[in-house]
Each structure stands twice: as structure tokens, then as C-alpha cells.
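Participant: Those sequence lines, one after another, are chains A and B. Convert by adding 504 to the 1-based position in the first sequence; the result is the number in my numbering. Convert by adding 180 to the 1-based position in the second sequence; the result is the number in my numbering. Cβ atoms here follow ideal geometry from the backbone N, Cα and C, with glycine treated the same way. Please read these numbers as outputs of a predicted model, since none were measured by experiment.
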Amino acid sequence: DTAVSQTPKYLVTQMGNDKSIKCEQNLGHDTMYWYKQDSKKFLKIMFSYNNKELIINETVPNRFSPKSPDKAHLNLHINSLELGDSAVYFCASSPHGLNTEAFFGQGTRLTVV
Amino acid sequence: AQSVSQHNHHVILSEAASLELGCNYSYGGTVNLFWYVQYPGQHLQLLLKYFSGDPLVKGIKGFEAEFIKSKFSFNLRKPSVQWSDTAEYFCAVTPRGSQGNLIFGKGTKLSVKP
Chain A
505 DTAVSQTPKY LVTQMGNDKS IKCEQNLGHD TMYWYKQDSK KFLKIMFSYN
555 NKELIINETV PNRFSPKSPD KAHLNLHINS LELGDSAVYF CASSPHGLNT
605 EAFFGQGTRL TVV
Chain B
181 AQSVSQHNHH VILSEAASLE LGCNYSYGGT VNLFWYVQYP GQHLQLLLKY
231 FSGDPLVKGI KGFEAEFIKS KFSFNLRKPS VQWSDTAEYF CAVTPRGSQG
281 NLIFGKGTKL SVKP
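Structure, rendered in C-alpha cells:
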């Protein structure tokens with residue numbers, strides 16, 4: 505019973521391609537996130553959705569577009585992939601409220617060649 | 181801008197040694213504080229968290245952390261580490277009311293020698 509699940513776990517693709525990463529949570533949480541972990545292990549938030557509404561949109565190229573069809577899903581679509589997009593992308597979710605913690609998925613290792 | 185500093189990039193210890201990992205944050209308001217652990221090839225797991233109350237919090241696997249408000253610090257400690265504690269440790273803060281926007285430190289890699 506994986507709480508936050510991402511697919512695929514690994515993704516190798518060529519520059520210029522378009523790809524999507526899917527995320528689903530079965531925790532009933534209202535808020536979902538995408539984080540990027542670079543090669544130096546630094547984690548930074550990219551997007552946050554609360555009940556399908558975008559609430560955080562950090563400085564991310566507009567080639568990255570999140571889509572939330574319902575509050576249990578937050579997918580990440582990336583257009584025109586570049587070498588610098590290679591990273592591990594983590595999906596996370598948290599319940600509504602101020603004193604909450606985030607639960608992370610297993611991560612998707614994206615390699616652009 | 182808010183930031184989190186973890187002072188040690190890589191810590192190498194022998195089993196049974198004591199551990200303390202430093203974490204300082206810069207934010208003038210009220211924060212929630214977290215330590216996450218990432219075992220090799222795995223996702224982040226919550227070790228412990230502080231929202232309010234007793235500034236000494238205990239987490240899983242024998243870890244604890246102390247929030248010192250005057251020093252803007254939330255250091256992680258464990259009296260006796262094990263080989264299985266080898267992992268990357270991340271300190272994170274959320275300004276209260278920011279809807280869970282976690283700001284992470286750059287992480288500290290802990291290597292425990294058997």
C-alpha cells in the first residue's frame with residue numbers, strides 16, 4: 505500500500521523530447537508538491553497544488569507544466585527536455601493545515617541524453 | 181529570503197560514536213522544523229518534527245533534535261550510531277502558514293564505518 509507513488513521510477517530520454525511523470529497519493533491529502541533534487545542532492549520545491557489549485561509556482565521554466573486532474577493526482581509534464589533537466593523528481597503530499605508534514609514518493613530519476 | 185544551513189557536508193563516524201548534525205535557519209517568524217533521512221536509493225522519510233511545545237523532540241530510530249529559538253538552530257543528535265544509519269540527512273523548515281512549502285538544507289551525508 506504505497507502512500508505516494510510515482511511512475512516511472514527511471515526515465516531516460518533524448519534532448520528535445522516531451523515526457524510526463526505521474527504521481528498519485530492514497531492518503532486523502534489536500535496538498536501535493538513536486539520537488540527537484542539535483543546532482544548535489546539539493547532539494548527545491550517546484551510546484552504545490554491544494555485541492556487541484558496551484559498555490560506555489562517557483563521559478564521554473566515554463567517547459568514544466570503540472571497538472572492535477574483531482575486532488576489525489578499531480579502529474580508533471582516536461583516539454584523540450586534539456587540536459588540540465590536531469591535530476592531526481594520527488595512528488596510529495598501533506599494534509600491540509602499549518603502543522604503538517606510532507607510524505608514523499610520514491611522519486612523519478614530523469615536522465616536526459 | 182528564507183534559507184537553511186547544514187554545516188557538515190560529509191560526516192564519517194565509527195559505529196557506536198555519537199552524532200550531532202548542525203542545522204540553522206534564517207527566518208524571523210514562527211517555523212515548523214523537520215529532519216528527513218534519505219537512505220541510498222530511497223525516498224525521503226521523516227525522522228522527526230517540531231511544531232511547538234517541548235523543544236527537545238524525539239524521533240524514530242533513536243534520533244532526537246533540540247530547537248533553540250535564540251540560535252535559530254535545530255540540531256539532530258543520536259547517542260550511538262549504527263552502520264544502518266548511513267544515509268543523507270536533510271533539515272527543513274516551513275514558515276508557519278506557508279502551506280507546507282518545505283525549505284531544505286543542502287543535506288549532510290553520514291557514513292558509518294562498521
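1. So, with DSSP's three-state summary, where would you put residue 523(A)?
2. For residue 577(A) and residue 194(B), what's the separation of their Cα atoms in angstroms?
3. Closer than 7 angstroms by beta-carbon distance: list the chain B residues that pair up with residue 528(A), in chain order.
4. Taking the straight line between their C-alpha atoms, what separation do you get for residue 532(A) and residue 557(A)?
5. Closest to residue 244(B) by CA distance: which of 222(B), 213(B), 219(B) and 263(B) is it?
6. Between residue 231(B) and the rest of its own chain, which residues show a CB-CB distance below 7 angstroms, the 5 nearest in sequence each way excluded?
7. Does DSSP put residue 544(A) in a helix, a strand or coil?
8. Could you check whether residue 515(A) and residue 526(A) sit closer than 8 angstroms to each other, using their CB atoms as the reference points?
9. So, is the C-beta of residue 451(A) closer than 8 angstroms to a C-beta in chain B?
10. Between residue 264(B) and residue 252(B), what straight-line distance do the alpha-carbon atoms span, to the nearest angstrom?
11. Following the continuous beta strand (DSSP E) through residue 212(B), name the residue where it begins and the one where it ends.
12. Closer than 8 angstroms by beta-carbon distance: list the chain B residues that pair up with residue 594(A), in chain order.
13. I'd like to know if the segment 547-555 of chain A and the segment 570-587 of chain A are in contact, where contact means that at least 3 CB-CB pairs between them fall below 8 angstroms.
14. Would you mind working out which of 286(B), 260(B) and 255(B) sits nearest residue 292(B), comparing C-alpha positions?
15. Applying a beta-carbon distance threshold of less than 7 angstroms, which residues of chain A neighbour residue 229(B)?
16. Give the secondary structure of residue 250(B) by DSSP, where H, G and I count as helix, E and B as strand, and everything else as coil.
17. Output needed in chain order: residues of the segment 193-213 of chain B with a Cβ under 9 angstroms from some Cβ in chain A.
Facilitator: In brief:
1. strand
2. 43 angstroms
3. The contacting residues do not exist; residue 528(A) stays about 14 angstroms from chain B at best.
4. 16 angstroms
5. 213(B)
6. 212
7. coil
8. no
9. Residue 451(A) cannot be examined here, being either before or after the span of chain A that is shown, 505 to 617.
10. 29 angstroms
11. 211-218
12. 223 and 224
13. yes
14. 260(B)
15. 605
16. helix
17. 212
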